[in-house]
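Engineer: In this note's numbering, the protein residues as written are 1242 to 1463. We put the CB at the ideal spot given by N, CA and C, even for glycine.
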């Protein structure tokens, strides 16, 4: 069985703008956290959370506490891929004394959700935005509904597409959760992450730029 379930969101223009604003804000927080990884050499999700949570909450109050936690997860997840994947040129096991590279998240980077920020109940999807919850009527087929009841949900991502936004639900399936080597099938790095050599001055973030071992808690379903 496929480990991914993608659901396209039928948004109004106003809903699209709200989701886009959330996506940009989430990327900004990731870009504020990423230099801490480079400076401290810490990318374990729990340890990184303790390093940055309070500061990020003060700098980005509109994003909410749980979305700050999800941004920490996103940075930790990407850092594991960049710094631990055996095929990565930045693998720390081969260059333990070398400075770490910078990571820059484009504004097209996905937004990660968890059970506190997204729920699915009685065919109604409710999700966090910067100005209140947004709801969609979802008419899932019976096999899709069964997956939420029978399989373990690992991740929920909001991604921008050429036609709007879609949610990607990643189930355990045949994959092993936390296995960084399993993420190399279609290329080492996603296009929304730029890895910059440490000797290069990183570019300033722009909201208009194009494109640990624990996941957020599964979403609530019913």
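How should residue 1318 be labelled, buried or exposed, when 16 other C-beta atoms within 10 angstroms of its C-beta is the threshold for buried?
Structural biologist: Its Cβ being crowded by 16 or more others within 10 Å, residue 1318 is buried.
Engineer: Please determine if the region 1396-1412 and the region 1327-1340 are in contact, where contact requires at least 3 C-beta pairs separated by less than 8 Å.
Structural biologist: Flag = no, the region 1396-1412 and the region 1327-1340 do not touch.
Engineer: Please look up how many angstroms separate the CB atoms of residue 1364 and residue 1380, rounded, as I've assumed it's under 8 Å.
Structural biologist: Indeed, because the Cβ distance is near 6 Å, the residues count as touching under 8 Å.
Engineer: Considering Cα atoms alone, identify which of 1299, 1369, 1296, 1344 is closest to residue 1264.
Structural biologist: The shortest C-alpha separation from residue 1264 is found at 1369.
Engineer: For residue 1324, name the three-state secondary structure that DSSP assigns.
Structural biologist: DSSP places residue 1324 in helix when its eight states are reduced to three.
Engineer: Please determine, among 1344, 1330, 1256, the residue with the shortest C-alpha to C-alpha distance to residue 1278.
Structural biologist: It is 1344 whose Cα lies nearest to the Cα of residue 1278.
Engineer: Please report how far the alpha carbon of residue 1460 lies from the alpha carbon of residue 1266, in whole angstroms.
Structural biologist: Reliability fails at residue 1460, whose pLDDT of 47 lies under 50, so the model's placement of it is uncertain and the value that follows must be treated cautiously. Distance between the alpha carbons of residue 1460 and residue 1266 is about 21 Å.
Engineer: Can you confirm whether the region 1292-1305 touches the region 1267-1274 when touching is taken to mean that 3 or more C-beta pairs between the two stretches lie within less than 8 Å?
Structural biologist: Touching, yes.
Engineer: Closest to residue 1290 by C-alpha separation, out of 1252, 1389, 1274, would be which residue?
Structural biologist: Of the candidates 1252, 1389, 1274, the one whose C-alpha sits nearest the C-alpha of residue 1290 is 1274.
Engineer: Using the Cα positions of residue 1249 and residue 1378, report the straight-line distance between them to the nearest angstrom.
Structural biologist: Approximately 12 Å, taken between the alpha carbons.
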